[in-house]
Amino acid sequence: MEPSDGDLIAAVLGGDTASFEPLITRYSPRVFATARRYARRESEVEDIAQEVWTKAFQKLNTFRGEAPFEHWLMRMCVRTCYDFLREHQRNREMNFSELSDEQSDWLERFARDPDNAPEDADAARQLVQRLLEQLSPPARMVITLLEIEDRPIKEIAALTGWSVPLVKVRAFRARAEMRKLLGRLAKEKYL
Amino acid sequence: MDLAKLHAKLIAAARANPPADQAPYAFEKRVMAQLRAHAAEDFWALWGKALWRSAVACLVIAVGLSVWSLQANGEADHDFDSAMVSAAEPLVDSW
């Protein structure tokens, strides 16, 4: 039988550093899936994951065991991703004429018949990725957590460390930012 | 173009394509090696910090002792002067 998270954490805090390794193996898939939502290059994803685990190890003594370890770790992971977004915030102003042929085709297909444009198309996925990359860090974080991952406001507040009203304000602003971007996309492509 | 519909469609596309959750091969080994190296670095950092603290403490003690010894020397000088002058004092009185 595999040792529980609590047993492993107690062992690490007792000085057995090696007991941290099973925790990394167990929860790295969640950490990597989250990091890949915010970083495109695999080297950046790995840097984020490594930073999350380093922080988790250094702050393990602050884990009180009131909530599952996974929740505590995911809070750390989301905050590290947010720091990453802020550190890598560049002027990502994109010209929508730079869209690939597939992305342009998908948009044209959507313009002709919005209901039948495929959601599972790779072009749609790339397009949404490009749009998300142009959002400000808080807007990208909120759109990802609220709309793509479909998490409740309270959970987002817990994950990000923002208050519930702040999450609501940022969600409102993020949707406005997204609308503005989509408006620009439509204007550049079809006017 | 219906922007609200486009927004919904793109969000649905993002939901339909969740990112992969695969960790690179032996990732946990690399993290553990880094944590161990970091712990070793921490030991030397702590040792360095302890050395600096003791150096400051030694400096404070050295300054304290210097001040004390200067004061003590001042008193000794005074004692030396009195000893020298005391030999002449009876002569003055005898006049």
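Chains W and Y, in that order, give the protein sequences.
Just so you know, we're using numbering that gives the first Met the number 0 here: the first sequence kicks off at 0 and counts up by one.
Just so you know, we're using numbering that gives the first Met the number 0 here: the second sequence kicks off at 0 and counts up by one.
Even glycine gets a Cβ: it sits at the ideal position worked out from N, Cα and C.
Worksheet item: Where does W/H70 land, buried or exposed, given buried means 16+ other C-beta within 10 angstroms?
Response: Residue environment for W/H70: exposed (fewer than 16 other C-beta atoms within 10 angstroms of its C-beta).
Item to complete: Give the straight-line distance between the Cα atoms of W/W105 and Y/A11, rounded to the nearest whole angstrom.
Response: 14 Å
Fill in: Exposed unless 16 or more other CB atoms sit within 10 angstroms - verdict on W/E1
exposed
Worksheet entry | Burial state of W/Q57 (16 or more Cβ within 10 Å) | exposed
Fill in: Cβ pair Y/Q21, W/P28 closer than 8 Å
yes
Worksheet item: Along the chain, where does the alpha helix (DSSP H) that runs through W/L106 open and close?
Response: 100-111
Discussion item. Run through chain W and tell me which residues come within less than 9 Å of Y/N72, C-beta to C-beta.
Written reply: Within chain W, no residue comes near Y/N72; the closest Cβ sits about 53 Å away, beyond 9 Å.
Discussion item. Strictly under 8 Å for the Cβ-Cβ distance: is W/M177 near chain Y by that measure?
Written reply: yes
Discussion item. Considering only their Cβ atoms, is the gap separating W/L59 from W/I8 smaller than 8 Å?
Written reply: In contact: W/I8 and W/L59 (Cβ atoms closer than 8 Å).
Worksheet entry | Option nearest W/D149 by Cα separation, candidates W/P136, W/A170, W/N115 | W/A170
Worksheet item: Taking 8 Å as the CB-CB limit, is Y/F26 close to chain W?
Response: So, interface residue.
Discussion item. Tell me the DSSP secondary structure of Y/M0 in three-state form.
Written reply: coil
Worksheet item: Going along the chain, which residues of its own chain have a beta-carbon closer than 7 Å to the beta-carbon of W/V77, five neighbours each way excluded?
Response: T33, L158, T159
Worksheet item: For W/E176, which residues from the same chain have a beta carbon less than 6 Å from its beta carbon, with the 5 sequence-adjacent residues on both sides left out?
Response: L134, A138
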